[in-house]
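Structure, as structure tokens:
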Amino acid sequence: MTSRRLLLLLDWDGTITQHDTLNLIAPALNEVKSDSPDFSVYQDEYMRDYTEFKTMFGQITNREQMYDYLRSIRMVEERSLNRINCLFEGTNDAQRRSRIGKICYRKGWAAMQYWMAQRVASHTLAAYIVSVNWSRTFISDALKACAEQNGVEQVISYVYANELVTKPGSDECTGLIQGPGQRERILTGPDKVKMCEAIASKSAYDTSVYVGDSTTDIPCLLWADMGILIGSGDQVRDMLHQAGMDSVLHTIDSWKQLDVMQQRASIVCASDWYAVCDLLQLQ
0 MTSRRLLLLL DWDGTITQHD TLNLIAPALN EVKSDSPDFS VYQDEYMRDY
50 TEFKTMFGQI TNREQMYDYL RSIRMVEERS LNRINCLFEG TNDAQRRSRI
100 GKICYRKGWA AMQYWMAQRV ASHTLAAYIV SVNWSRTFIS DALKACAEQN
150 GVEQVISYVY ANELVTKPGS DECTGLIQGP GQRERILTGP DKVKMCEAIA
200 SKSAYDTSVY VGDSTTDIPC LLWADMGILI GSGDQVRDML HQAGMDSVLH
250 TIDSWKQLDV MQQRASIVCA SDWYAVCDLL QLQ
């Protein structure tokens, strides 16, 4: 039987990795100007903005309000990025690359890489990362190092994420953060799903798969033919519960009992990359 062609779209922070990696992208104190605040100051300001936004928005009670919330939170993300622009001025990729070894990958990622490499070699898989992260270069460098460490070819065709702008002819950062290519910055769930749609429009595939872990991934998880929530997904579960959408979440066993149309309207929960790999081998 010929394997179906899969378009695999992956989140990065908290999905491929065990934890958020923005703290590794943020410069160390000895890499910034002496008068620059510590990164934790920006994190605290972000949390204040986020808490205020949640209070002002109010309770989410249905699907439409959930999508409105995920769109509207862009103002918080924009404010945060504009606030931290100056933090990165004068830093470089080599400094960030030196912290790649601190990344902790989610359980089973090495096995997933091996499986993906086999599918890529047989031309039945194309894989991309779609992330709200600030540095496409950091993610690409990390993936390259991880693949080399595990003895496999690079399996990700391209990383779609924001990028720290560098000065012409230099790797020194200007302090600005831009979107991928000529596009707007990827800051929200709706931004991510637009990116997924753009990738899909240029791809030849039978089934689209999206793997993510957070509320920012919800639009993509519901958009894909197969949406996979990896890890505990507590925040995702909570938001879907508020929106009255608990029924879209399924264990692997219950998901297998659904017909194709029901599966496409559902999100299947996987504990780690081993479980994801087992799921995808059914495709």
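Counting along the sequence shown from 1, when you hit position 52 you're at 51 in numbering that gives the first Met the number 0, and nothing is skipped either side.
The C-beta atom is built at its ideal place from N, Cα and C for all residues, glycine as well.
As assigned by DSSP and simplified to three states, the class of residue i
i           : result
residue 144 : helix
residue 50  : helix
residue 150 : coil
residue 174 : strand
residue 126 : strand
residue 0   : Below a pLDDT of 50, predicted positions are generally treated as unreliable, and residue 0, at 44, falls in that range; no measurement from the model is reported.
residue 262 : helix
residue 187 : coil
residue 136 : helix
First through last residue of the beta strand (DSSP E) which encompasses residue i
i           : result
residue 157 : 157 to 159
residue 269 : 266 to 269
residue 281 : Here residue 281 belongs to no beta strand (DSSP E), and DSSP marks it neither H nor E.
residue 165 : 162 to 165
CB of residue i within 9 Å of CB of residue j, strictly
i           : j           : result
residue 31  : residue 86  : yes
residue 45  : residue 95  : no
residue 230 : residue 14  : yes
residue 155 : residue 198 : no
residue 99  : residue 43  : no
residue 287 : residue 276 : With the chain covering 0 to 282 only, the question about residue 287 has no answer from this structure.
residue 9   : residue 178 : no
residue 21  : residue 187 : no
residue 109 : residue 134 : no
residue 107 : residue 274 : yes
residue 262 : residue 205 : no
residue 264 : residue 221 : yes
residue 2   : residue 123 : yes
Residue range of the alpha helix (DSSP H) that includes residue i
i          : result
residue 24 : 21 to 24
residue 28 : Run containing residue 28: none; DSSP gives neither H nor E here.
Contact belief for residue i with residue j at Cβ below 8 Å, rounded distance in angstroms
i           : j           : result
residue 93  : residue 216 : No, residue 93 and residue 216 are not in contact; Cβ-Cβ is about 31 Å, not under 8 Å.
residue 238 : residue 65  : 6 Å
residue 244 : residue 62  : 6 Å
residue 174 : residue 84  : 5 Å
residue 214 : residue 104 : The Cβ separation is near 22 Å, so there is no contact.
residue 247 : residue 266 : 5 Å
residue 75  : residue 52  : 5 Å
residue 132 : residue 12  : 6 Å
Within-9 Å CB hit, residue i to chain C
i           : result
residue 237 : No chain C appears in this structure, which consists of one protein chain only.
Can you check the stretch 197 to 260 for any alpha helix (DSSP H) of at least 4 residues that lies completely inside it and give the ranges in chain order?
217 to 222, 233 to 241, 251 to 255
Entirely enclosed alpha helix (DSSP H) segments - the stretch 35 to 119, minimum 4 residues:
38 to 56, 62 to 71, 73 to 83, 92 to 96
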